[in-house]
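The next block holds one structure in the form of structure tokens; read it before the comments.
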Amino acid sequence: MIRIALLPGDGIGPEVVAAAVEVLGAVCRSHGFDVATHTLDLGAERYLRTGETLPEGDFVRLRDDFDAILFGALGDPRVPTNVHARDILLGLRQRLDLYVNLRPVALWHESLCPLKGRVAGSIDMAVVRENTESLYVGIGGTFKPGTPDEIAQNVMISTRKGAERLLRFAFGLARQRRGHLVLCDKANAIEAAHGLWRRVLRELAPEFPDVRATTLYADVACMRMVTHPHEFDVVVGDNFVGDILSDLAAALVGGLGLAPSASTHPGRVGLYEPVHGSAPDIAGTGRANPLAAILSLAMLLRDCGQPGAATDIETACADTVRAGLTTPDLGGTLGTRDVTASVLARIRPRPATPEAAAVPAPNG
Ligand SMILES: NC(=O)c1ccc[n+]([C@@H]2O[C@H](COP(=O)([O-])OP(=O)(O)OC[C@H]3O[C@@H](n4cnc5c(N)ncnc54)[C@H](O)[C@@H]3O)[C@@H](O)[C@H]2O)c1
Numbered sequence: 000m001i002r003i004a005l006l007p008g009d010g011i012g013p014e015v016v017a018a019a020v021e022v023l024g025a026v027c028r029s030h031g032f033d034v035a036t037h038t039l040d041l042g043a044e045r046y047l048r049t050g051e052t053l054p055e056g057d058f059v060r061l062r063d064d065f066d067a068i069l070f071g072a073l074g075d076p077r078v079p080t081n082v083h084a085r086d087i088l089l090g091l092r093q094r095l096d097l098y099v100n101l102r103p104v105a106l107w108h109e110s111l112c113p114l115k116g117r118v119a120g121s122i123d124m125a126v127v128r129e130n131t132e133s134l135y136v137g138i139g140g141t142f143k144p145g146t147p148d149e150i151a152q153n154v155m156i157s158t159r160k161g162a163e164r165l166l167r168f169a170f171g172l173a174r175q176r177r178g179h180l181v182l183c184d185k186a187n188a189i190e191a192a193h194g195l196w197r198r199v200l201r202e203l204a205p206e207f208p209d210v211r212a213t214t215l216y217a218d219v220a221c222m223r224m225v226t227h228p229h230e231f232d233v234v235v236g237d238n239f240v241g242d243i244l245s246d247l248a249a250a251l252v253g254g255l256g257l258a259p260s261a262s263t264h265p266g267r268v269g270l271y272e273p274v275h276g277s278a279p280d281i282a283g284t285g286r287a288n289p290l291a292a293i294l295s296l297a298m299l300l301r302d303c304g305q306p307g308a309a310t311d312i313e314t315a316c317a318d319t320v321r322a323g324l325t326t327p328d329l330g331g332t333l334g335t336r337d338v339t340a341s342v343l344a345r346i347r348p349r350p351a352t353p354e355a356a357a358v359p360a361p362n363g
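The opening position of the sequence shown corresponds to residue 0 in numbering that gives the first Met the number 0, with each subsequent residue numbered one higher.
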């Protein structure tokens, strides 16, 4: 039994999570495993109603009672401070110490790539971003704000523990993929914080002789991703560099509507979410692309011991895109429901066996 917390959130979040839940039901039936889903009311509506963002009881529940969290998006024009999104999303990432942010990127159809002459299959990389440190720890501030003497400062944090655990994850992932890892940083300019990452990489490399570990300065990596994207397999960066490179990588294969992510800490509840935000401009129109959320579900199921179901979902999504059955963000004319229906139609039922017939339906 996989216990999944659903956090649909704001804007198009509930629309794309509903699509993913339909797909979840289909793969549960076809693969004969059981899930229990529970929806938590966290987001702008609740904040506006009660003033609560992530109450302690909900946090403890998410931490202790579930195997995984499937998240939609947060962000609502009625909450211009975005305080609820910060508390919920950053709160979960920090308090659960979800240090791995994994964003796989694969080109399914040449029309999705903004570069010339890139055929399907020629781009296939996984960006592994450190998710808890670097410039995003909120250390810093301004001195004499608004005056000619104003000083603004943000502190970049790199820890040995943080670099080592992320690099170990990346090495392990490279082993399962094509055996190449590239650490991207600015160690030439950010000598202390990024130099530490290079030292830790050198120390760990002998433990993984089957992985070719290399380094690139992040600015060079940006150019190389555009000119030679086929060279990249596993791309690692700290929170800051990883943030930038993961968006660049996603743009090479179709952009936000196709970009899933997983924020994890092995052994703890993981958070799976589309990279996109709540897209208030199209919320309620039925035009949101559900594929990033559905692909996030696939990542969730793979981590929860259902790799076959995950692969089936990814294949169904890829076939849907290759057939041109897409929402307007990918150049198509379909709506959320039609694209979801296309994915569902491609999830083949398992051949009936006496055991399969005895499997209970999901209780979500
Ligand atoms: N993880 C998150 O929850 C997250 C991430 C990014 C932004 N946000 C929040 O979302 C709100 C909107 O932010 P934004 O406009 O900068 O980013 P966004 O990702 O919501 O939207 C950017 C553009 O992409 C389009 N888009 C996004 N997802 C799409 C989808 N699935 N299908 C089709 N089109 C899609 C939108 O219509 C918009 O034109 C803000 O409140 C922001 O803070 C939340």
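Beta carbons are placed, not taken as given, at the ideal position from N, Cα and C, and that holds for glycine.
May I have the straight-line CA-CA distance separating residue i from residue j, to the nearest angstrom?
| i | j | result |
| --- | --- | --- |
| V136 | P103 | 24 Å |
| T310 | G304 | 12 Å |
| A25 | L300 | 13 Å |
| I87 | D9 | 12 Å |
| S29 | H275 | 29 Å |
| F70 | V78 | 19 Å |
| R159 | R128 | 15 Å |
| N362 | G50 | Confidence in N362 is poor, its pLDDT being 43 and thus under 50, which makes the residue's placement too unreliable to answer from. |
| L212 | A19 | At residue 212 the sequence reads Ala, which differs from the Leu that was named. Approximately 36 Å, taken between the alpha carbons. |
| V82 | L91 | 14 Å |
| L106 | A278 | 23 Å |
| R347 | L6 | 28 Å |
| G330 | V320 | 10 Å |
| C112 | L244 | 16 Å |
| L73 | D184 | 29 Å |
| Q175 | H37 | 32 Å |
| V15 | L53 | 22 Å |
| G266 | I68 | 14 Å |
| I3 | D63 | 12 Å |
| V34 | D96 | 25 Å |
| A357 | L343 | Residue confidence for A357 is low, a pLDDT of 48 falling below 50, so the modelled location carries little weight; the figure read from the coordinates is stated next. Distance between the alpha carbons of A357 and L343: 22 Å. |
| S110 | G31 | 36 Å |
| R197 | A322 | 43 Å |
| R345 | I1 | 23 Å |
| V99 | R164 | 9 Å |
Using DSSP's beta-bridge definition, name the partner residues of residue i.
| i | result |
| --- | --- |
| E272 | S260 |
| V126 | R102, V234 |
| F239 | F239 pairs with nothing; no bridge assigned. |
| H179 | R211 |
| H37 | A4 |
| Y216 | D184 |
| T141 | A151 |
| S245 | According to DSSP, which records beta bridges pairwise, S245 is partnered with nothing at all. |
| I156 | S133 |
Out of the options, which has the shortest C-alpha to C-alpha gap to residue i?
| i | options | result |
| --- | --- | --- |
| F168 | L180, P79, F58 | L180 |
| H227 | V118, A292, I293 | V118 |
| S133 | R62, L95, L111, H193 | H193 |
| L61 | G269, P279, M298, V320 | G269 |
| H264 | L101, A4, A72, L53 | L101 |
| A217 | R201, L182, W196, A292 | L182 |
| D75 | V126, I281, G334, L333 | I281 |
| G256 | G307, T335, L89, V22 | T335 |
| T314 | H108, V34, D66 | H108 |
| Q374 | A162, T141, L39 | It is not possible to answer for residue 374, since the shown part of the chain is limited to 0 through 363. |
| S295 | A308, T284, V234, I189 | A308 |
| N238 | P289, L166, H229, D66 | L166 |
| M124 | V252, M222, L95, D96 | V252 |
| S157 | D318, R223, I138, L172 | I138 |
| V240 | L39, R48, M155, G116 | M155 |
| D66 | S262, V338, P273, C221 | S262 |
| S121 | N288, A317, P306, E230 | E230 |
| R349 | L23, E21, V22, C27 | C27 |
| D209 | D242, L172, R48, V234 | L172 |
Closer than 8 Å to a non-hydrogen atom of ligand 1 - does that hold for the CB of residue i?
| i | result |
| --- | --- |
| D280 | yes |
| L382 | Past the edges of the chain, shown from 0 to 363, lies residue 382, and the structure says nothing about it. |
| S295 | no |
| H37 | no |
| P289 | yes |
| E272 | yes |
| L73 | yes |
| P259 | no |
| V15 | yes |
| R77 | no |
| T326 | yes |
| N238 | no |
| N81 | yes |
| I68 | no |
| L61 | no |
| L255 | yes |
| H275 | yes |
| A250 | no |
| R286 | yes |
Segment contact, 8 Å Cβ cut-off, at least three pairs: the stretch 42-62 with the stretch 8-22: yes
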